[in-house]
Amino acid sequence: MYDLPKRALGPHAKRLIFTPKTLKVLYSERQLKPYQSESGGQLFGEFANDVVTVTTASTPSPKDQRSRYRFTRSRNTEQAEIDHEFSNGLHYIGDWHTHPEPRPAPSSKDHSGARRLFRTSRHELPNFLLVIVGTSDDPADLYVALVNGRRLKQLS
Amino acid sequence: MIDCHKHVVAYHNDEITLPEAERGEMRNRRNANRNRIKTRLKANEKPAPAFFASQGSYADKTMVQYPDKDYDIDDGVYFRKEDLLGPNGGEMTALLARKMVFDAINDGSFKTPPELHTNCIRVLYAAGYNVDVPVYRIVTETDIFGNETAYVELAGADWIRSDARDVSTWFDDVNQSRSPDTENGRQFRRIVRDIKKLTNSRKSWRKRILSGYGVTILAAECYVPFAGRDDYSLHATLRAMHNRLKFSLALQSPVEPYDHVADHDDARSKYFRARLDDLESCLDDIAAAETEDEALDAWSDLYGDDYFSDRKAKAQTEALETKSADGSLLGLGLAAAGIAAGAAALSAARAKPSWEPSQAVSKGGGRTNA
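Here the protein sequences line up with chains G and U, keeping their order. Throughout, this note's numbering is defined as the position within the first sequence, counted from one, plus 16. Throughout, this note's numbering is defined as the position within the second sequence, counted from one, plus 4.
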């Protein structure tokens, strides 16, 4: 569970929670072997009372381009996922991907890409989430940040 | 509890009841469909329907406004059993009867072809709404004394004894026998609409929450009438519904064949109960409010709609304008600005039960993670 700064994810959100199911998906995609490519996807969740709950993490599709240090998702697949989840009442909250390091930190490309994504998307959110999953399975090592058009703010 | 009857009724009249123009539009679509069925059945040399009858929330007049206007109408087509003959002169099966009506509707003019469902034919319109047409047969029997009785069967997987008109009759009975008034559709109907609006007040709830029919059955069971106080009646009915769902999630149709609308573990009932859990604090706030302003804020929180709070600001401005009619214009301006700022601060301080984006995110620009 993470405490959220004021108005970070909507006017009333105070806490951010990942469901065990979501964490399981994230950890199952860790790059533990040298031959494993970077993985990632989108995060979807619910806004209820003062809690934002990340209930679903999508995983790579065959259309995504993956290598050990690079991961590019198909924009069409992403939008189809967003529309599908929205019709089920779940909202896109952000993106996640893996890094082959125990305590991951965003690269400069992660920084600029995330800020550009926020600026060029049509949405009503004050921030998106950026989650980076390292090789550690300790939740404390998960990199969780709020992203807007200007900066990244780490929550963990 | 602070009397907010006039505000709750205003919300009902302005934001919940379907405007007459939209009802008229729906009526036109329904009639066009009826004409198509009659004409095409005749052209196909099939039996003529005995009559048509609207059902569901359209017939009960409990449809509520949705921003997307994706309303569904149920319009049953009724045949006499003796008219429905199969290819060899025997009794027409339920499937053949549905197919016959499906063929009549499917004249090739629809962008999205109609769908043949187990209990109806669904006609889909590009604008997002649909018309469901269930097919019925009227069975007339004569007993040994020569007395005629008639009942109705629905063309489902087989012919099943069921007539959705019974629901409308039941609804009218409850509305007339239990409402303390006779105006504006009577109180029970208004409360059902208010609650249906609440169940659809957050877009993400719509597909997961108890159906309109389920809400109506539960509301009838839990309704607390109160003459001249829709706010009190709605509040007490919601509390009673919440308690009832804590006790049991199961719901049974009040008319033949008395189907289970929800069983004891029903996901939609459970979802409704969870949302009522969330809204409990708003109901508490409504009950505990000491001023009309506080109560209006709490009603706004309940519905996730600024309608009530906006009425508060409007009422303040009106009061101020009346009060300042003999005061200076400058004084009026400053005071109004102060009140507006105060109202904005109050509104910001209020914790709404939930906020969520109203539209799906549309992702822009390419992105590569590294």
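By construction, the Cβ of each residue, glycine as well, lies at the ideal position given by its N, Cα and C atoms.
Might you give, ordered along the chain, the residues of its own chain that have their beta carbon closer than 6 Å to the beta carbon of residue i, omitting 5 neighbours on each side?
{"i": "Ala355 (chain U)", "result": "The predicted position of Ala355 (chain U) is uncertain, since its pLDDT is 43 and thus under 50; a value taken from the coordinates is nonetheless stated next. Around Ala355 (chain U): no qualifying Cβ."}
{"i": "Leu280 (chain U)", "result": "His246"}
{"i": "Tyr376 (chain U)", "result": "What the structure shows of chain U is the stretch from 5 to 374, and residue 376 (chain U) is not part of that stretch, so it cannot be assessed."}
{"i": "Gly56 (chain G)", "result": "Phe87, Trp112, His113"}
{"i": "Gly331 (chain U)", "result": "Low confidence applies to Gly331 (chain U): its pLDDT is 47, below 50, so where it sits in the model is not reliable, and the reading given next is rough at best. Once the five neighbours on either side are set aside, Gly331 (chain U) has no close Cβ partner at all."}
{"i": "Phe63 (chain G)", "result": "Gly26"}
{"i": "Ala293 (chain U)", "result": "Ile6, Ala299, Ala302"}
{"i": "Glu145 (chain U)", "result": "Thr153"}
{"i": "Arg212 (chain U)", "result": "Tyr275"}
{"i": "Thr75 (chain G)", "result": "Gly57"}
{"i": "Thr116 (chain U)", "result": "Leu128"}
{"i": "Ala108 (chain U)", "result": "Ile41, Arg44, Leu45"}
{"i": "Gly337 (chain U)", "result": "At Gly337 (chain U), the pLDDT of 43 sits below 50, so the modelled position is not reliable; the number obtained from the coordinates is stated separately. Nothing listed; no residue qualifies."}
{"i": "Arg197 (chain U)", "result": "Ile20, Thr66, Val68"}
{"i": "Lys79 (chain G)", "result": "Ser90, Thr93"}
{"i": "Ser77 (chain G)", "result": "Thr93"}
Report the option in the options whose CA atom is closest to the CA atom of residue i.
{"i": "Cys286 (chain U)", "options": "U:Glu298, U:Arg272, U:Ala25", "result": "U:Glu298"}
{"i": "Phe175 (chain U)", "options": "U:Ser61, U:Met5, U:Glu29, U:Gly28", "result": "U:Ser61"}
{"i": "Ile77 (chain U)", "options": "U:Val137, U:Thr116, U:Pro91", "result": "U:Val137"}
{"i": "Leu48 (chain G)", "options": "G:Pro155, G:Val149, G:Asn164", "result": "G:Val149"}
{"i": "Ser124 (chain G)", "options": "G:Glu117, G:Ser44, G:Leu168, G:Glu94", "result": "G:Leu168"}
{"i": "Leu306 (chain U)", "options": "U:Glu284, U:Asp7, U:Thr122", "result": "U:Glu284"}
{"i": "Arg182 (chain U)", "options": "U:Lys367, U:Gly218, U:Ala224", "result": "U:Ala224"}
{"i": "Tyr217 (chain U)", "options": "U:Asp147, U:His239, U:Asp170", "result": "U:Asp170"}
{"i": "Asn2 (chain G)", "options": "G:Asp153, G:Gln170, G:Asp80", "result": "Within the shown structure, residues of chain G are numbered from 17 to 172, placing residue 2 (chain G) beyond reach of any answer."}
{"i": "Tyr227 (chain U)", "options": "U:Tyr140, U:Ser215, U:Leu242", "result": "U:Leu242"}
{"i": "His107 (chain G)", "options": "G:Glu54, G:Val70, G:Gln52", "result": "G:Val70"}
{"i": "Arg166 (chain G)", "options": "G:Arg131, G:Asn65, G:Asp154, G:Thr151", "result": "G:Arg131"}
{"i": "Thr122 (chain U)", "options": "U:Tyr133, U:Val139, U:Ala131", "result": "U:Val139"}
{"i": "Ser83 (chain G)", "options": "G:Asp154, G:Gln52, G:Asn104", "result": "G:Gln52"}
{"i": "Ser208 (chain U)", "options": "U:Ala364, U:Glu24, U:Leu249", "result": "U:Ala364"}
{"i": "Ile221 (chain U)", "options": "U:Ala25, U:Phe251, U:Arg210, U:Val265", "result": "U:Val265"}
{"i": "Ala244 (chain U)", "options": "U:Ile199, U:Arg272, U:Glu187, U:Ala271", "result": "U:Ile199"}
Looking only at its own chain, which residues have a Cβ that is under 7 Å from the Cβ of residue i, when we skip the five neighbours before and after it?
{"i": "Asp1 (chain U)", "result": "Because chain U is modelled from 5 through 374, residue 1 (chain U) falls outside the range shown and cannot be assessed."}
{"i": "Met67 (chain U)", "result": "Leu22, Ser61, Tyr75"}
{"i": "Pro361 (chain U)", "result": "none"}
{"i": "Asp111 (chain U)", "result": "Arg40, Arg44"}
{"i": "Thr136 (chain G)", "result": "none"}
{"i": "Arg165 (chain U)", "result": "Tyr155, Glu157, Glu260, Pro261"}
{"i": "Gln81 (chain G)", "result": "Thr88"}
Give every residue of the same chain whose Cβ lies closer than 8 Å to the Cβ of residue i, excluding the five residues on either side of it in the sequence, and list them in chain order.
{"i": "His11 (chain U)", "result": "Asp235, Leu300, Trp303, Phe312, Arg315"}
{"i": "Asp4 (chain U)", "result": "Outside the shown range of chain U, which is 5 to 374, sits residue 4 (chain U), and nothing can be said about it."}
{"i": "Glu19 (chain U)", "result": "Gln69, Lys201, Asp309, Tyr311"}
{"i": "Asn37 (chain U)", "result": "Asp79, Ile109, Val127, Val135, Val137"}
{"i": "Pro118 (chain U)", "result": "Phe106, Ile109, Asn110, Ile125, Arg126, Val127, Leu128"}
Given a cut-off of 9 Å, decide if residue j and residue i are closer than it, judged by their beta-carbon atoms.
{"i": "Gly189 (chain U)", "j": "Asn204 (chain U)", "result": "no"}
{"i": "Ile195 (chain U)", "j": "Ser257 (chain U)", "result": "no"}
{"i": "Gln58 (chain G)", "j": "Glu117 (chain G)", "result": "no"}
{"i": "His268 (chain U)", "j": "Ala254 (chain U)", "result": "yes"}
{"i": "Glu101 (chain G)", "j": "Phe60 (chain G)", "result": "yes"}
{"i": "Val67 (chain G)", "j": "Arg31 (chain G)", "result": "yes"}
{"i": "Leu133 (chain G)", "j": "Val163 (chain G)", "result": "yes"}
{"i": "Ala101 (chain U)", "j": "Arg141 (chain U)", "result": "yes"}
{"i": "Val105 (chain U)", "j": "Val81 (chain U)", "result": "yes"}
{"i": "Ala161 (chain U)", "j": "Ala98 (chain U)", "result": "yes"}
{"i": "Gln59 (chain U)", "j": "Ala168 (chain U)", "result": "yes"}
{"i": "Pro120 (chain G)", "j": "Asp157 (chain G)", "result": "yes"}
{"i": "Ile98 (chain G)", "j": "Leu145 (chain G)", "result": "no"}
What residues from chain U crowd round residue i, counting only those whose CB sits closer than 8 Å?
{"i": "Glu62 (chain G)", "result": "Ser208, Glu360"}
{"i": "Gln95 (chain G)", "result": "Ser366, Lys367"}
{"i": "Asp99 (chain G)", "result": "Ala364"}
Applying a beta-carbon distance threshold of less than 8 Å, which residues of chain G neighbour residue i?
{"i": "Lys73 (chain U)", "result": "Near Lys73 (chain U) there are no residues of chain G at all, since even the closest Cβ is about 17 Å away, more than 8 Å."}
{"i": "Asp314 (chain U)", "result": "Per Cβ cutoff of 8 Å: no residues; Asp314 (chain U) is ~17 Å from chain G at best."}
{"i": "Asp282 (chain U)", "result": "Ala64, Asn65"}
Residues of chain G with CB closer than 9 Å to the CB of residue i, please, in chain order.
{"i": "Arg212 (chain U)", "result": "Asn104, Gly105"}
If the cut is a Cβ gap below 7 Å, which residues of chain G does residue i touch?
{"i": "Gln363 (chain U)", "result": "Glu140"}
By the criterion of Cβ-Cβ separation under 7 Å, what are the contact partners of residue i in chain U?
{"i": "Ser137 (chain G)", "result": "Val365, Ser366, Lys367, Gly368"}
How about residue i: is its C-beta nearer than 9 Å to some C-beta of chain B?
{"i": "Gly26 (chain G)", "result": "Among the chains of the structure shown, chain B does not appear; the protein chains present are G and U."}
Taking residue i as the query, report the chain U residues whose CB atoms sit under 9 Å from its CB, ordered along the chain.
{"i": "Tyr108 (chain G)", "result": "Pro361, Ala364, Val365, Lys367"}
Item to check | Whole runs of the beta strand (DSSP E) within the segment 26-91 of chain U, excluding any shorter than 3 residues | outcome: As far as the segment 26-91 of chain U is concerned, its whole beta strand (DSSP E) runs of at least 3 residues are 55-59, 76-84.
Checklist entry - Which runs of the beta strand (DSSP E) spanning at least 3 residues fall entirely within the segment 108-171 of chain U, listed in chain order? => result If we require 3 residues or more, the beta strand (DSSP E) runs fully inside the segment 108-171 of chain U come out as 125-128, 134-137, 139-146, 152-159, 163-165.
Checklist entry - What alpha helix (DSSP H) runs, 4 residues minimum, are completely inside the segment 249-327 of chain U? => result DSSP runs (the alpha helix (DSSP H)) wholly in the segment 249-327 of chain U: 271-292, 296-307, 311-327.
Checklist entry - Taking the runs of the alpha helix (DSSP H) that are 4 residues or longer, which of them lie wholly in the segment 73-139 of chain G? => result Whole alpha helix (DSSP H) segments, 4+ residues: 91-103, 124-136.
Item to check | Inside the segment 174-245 of chain U only - alpha helix (DSSP H) runs reaching at least 4 residues | outcome: Runs found: 191-203, 216-226.
Item to check | Sequence ranges, alpha helix (DSSP H) only - wholly within the segment 18-48 of chain G, length at least 4 | outcome: Every alpha helix (DSSP H) of 4 residues or more that sits fully in the segment 18-48 of chain G is shown, in chain order, as 36-44.
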